[in-house]
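Chemist:
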Amino acid sequence: MLVVAEPEQLPVPQARAGDPAAWDILFRRYQLPLYVYVFELVHDEQASLDIVQETFINATRHLGSLREDAKFGSWLFGIAHQKCLQRWRRQGREADALEEIAAAPVEAVGDPAELLVRAEQEAAVMRLLNQLPLAQRSVLLLHFVEDFPLEDIAAVTGTALGTVKSRLHYAKKALRRLLEEEA
Amino acid sequence: MMRTLREVILGRHQAAQPKLDVIREKVVAGLERDTSVGAILCTKEMDTVGVTQTSESAVSRVSKPAGRWAALPTWKSAIRQVWKPALRGEGASVVPTDWRQFLWSLRWHLAGMSAAWVVAVLLSIDRTPGPVQAAENRSSTSPQQLLAALRENQRQVRELIAAPDSESTPQPPNVNPSPHSQNRLNSTREV
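Quick mapping for you: the protein sequence lines, in order, are chains W and Z. Okay, so the first sequence: first residue is 1 according to the working numbering, each after it adds one. Okay, so the second sequence: first residue is 184 according to the working numbering, each after it adds one.
1. Which of the three DSSP states, helix, strand or coil, is assigned to threonine 187 (chain Z)?
2. Is there contact here, the region 133-151 of chain W with the region 50-59 of chain W, by at least three beta-carbon pairs under 8 angstroms?
3. For a quick check, are the C-beta atoms of arginine 177 (chain Z) and arginine 28 (chain W) less than 8 angstroms apart?
4. Identify, in the order they occur along the chain, each residue of the same chain with its Cβ nearer than 8 angstroms to the Cβ of phenylalanine 72 (chain W), setting aside the five sequence neighbours on each side.
5. Between alanine 303 (chain Z) and the rest of its own chain, which residues show a CB-CB distance below 6 angstroms, the 5 nearest in sequence each way excluded?
6. Where does glycine 213 (chain Z) sit, in a helix, a strand or coil, going by DSSP?
7. Between the Cα of leucine 193 (chain Z) and the Cα atoms of W:Tyr37, W:Gly18, W:Ala21, which residue gives the shortest distance?
8. Along the alpha helix (DSSP H) that carries histidine 143 (chain W), what are the first and last residues, could you check?
9. Using a Cβ-Cβ cutoff of less than 7 angstroms, which residues in the same chain neighbour proline 20 (chain W) once the five nearest sequence positions on both sides are dropped?
10. Taking the beta carbon of glutamine 136 (chain W) as the centre, do at least 16 other beta carbons fall within 10 Å, making it buried, or is it exposed?
11. Kindly confirm or deny that the region 149-162 of chain W and the region 199-219 of chain Z touch, where touching means at least three C-beta pairs closer than 8 angstroms.
12. Does any C-beta atom of chain Z lie closer than 8 angstroms to the C-beta of threonine 157 (chain W)?
13. Does any C-beta atom of chain Z lie closer than 8 angstroms to the C-beta of arginine 87 (chain W)?
14. Put proline 11 (chain W) into one of helix, strand or coil per three-state DSSP.
15. Quick one: give me the first and last residue of the alpha helix (DSSP H) that histidine 81 (chain W) is part of.
16. Can you give me the C-alpha to C-alpha distance between glutamine 337 (chain Z) and alanine 345 (chain Z), rounded to a whole angstrom?
17. Quick check on the burial criterion: 16 or more other C-beta atoms within 10 angstroms. Buried or exposed for glutamine 339 (chain Z)?
18. Give the residues of chain W in contact with histidine 292 (chain Z), contact being defined as C-beta atoms less than 8 angstroms apart.
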């Protein structure tokens, strides 16, 4: 079971002071969620590891640009997201990456923990996740994996809050439908 | 057994943990190396200047991007792989290796600066006449030429002095315009 530290407990001020031990704690905390996020977007292990490493290096260089220490997590995911966008651009998949979907009636987003998955459904859920458009997948991962507030997800993905809400709405609807069918 | 979606997603990627640990350790090791170089530079500055400093300068060096990751072996970069043997130098102390890496990372800057200096020196040599050449230029006029020039000068001065006595100043022509009424009278007479 992975223990998630509260943002307040993260040693961001020490990392600002250049303490390698503080960076070690921060990286240890975020390395797997970051990798999962990147991997589920690019579907390439080697590229995902590259992006994670570049994200870590960029974070150590540009921590000065982070205004609120409590936003370290979303700031780090924002760097990784930009790296993914760069990769898509290189591959000519920018249209996919920046795909917009029609506005949907916005419903309450709810708690990420609400969506419980049975063991036999796991494979199907992951399959469905990979079938979602990149934009929806990105929002869904940030919501479920890191439980970021919608405002933070908007900041990470560089989209409007309404867009994030509608993407999440569509993605969750699709997941629920699948889970009901499986049940 | 029920799990949250978060647990499901993270659980499927647990196998990547060892590789992620390696990456994390490399990045943190790079930070530690930079910190140690910064601390050494800070100590050297203190030795030379003799002023008490806090560890802030060591920290600020960490934030400098130049050449910082030049020695960090990335996951797949062929260029940076070249550095691996240098990094793994057996028996070599950490400090000289870091200095070499530091200087190596600045090699293009140093080469450029050197080239600029060479060009500047060459240009200044070409344009500035040397002292021997200047002396030669000065001694190139012969005494006869000097004497002739002096005589010519004296002649011109004499002409200038004598000119007001010999020549009378030319008088301006006496142009007294006739009155306008006279002009009209003349024109009617002609008609």
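For glycine and all other residues, C-beta sits at the position ideal for the given N, C-alpha and C.
Modeler: Let me lay it out:
1. Look at threonine 187 (chain Z) here: in three-state DSSP terms it is strand.
2. no
3. Given that chain Z is displayed from residue 184 to residue 374, the structure contains no residue 177 (chain Z) and the question cannot be resolved.
4. Pro7, Leu10, Val12, Leu26, Leu66
5. none
6. helix
7. W:Tyr37
8. 134-146
9. none
10. Buried: at least 16 other Cβ atoms inside 10 Å.
11. no
12. no
13. By this cut-off, arginine 87 (chain W) is not an interface position.
14. coil
15. Taken as a continuous stretch (DSSP letters only), the alpha helix (DSSP H) holding histidine 81 (chain W) covers 72-90.
16. 12 angstroms
17. exposed
18. What histidine 292 (chain Z) touches in chain W: nothing, since even the nearest Cβ is about 19 angstroms away.
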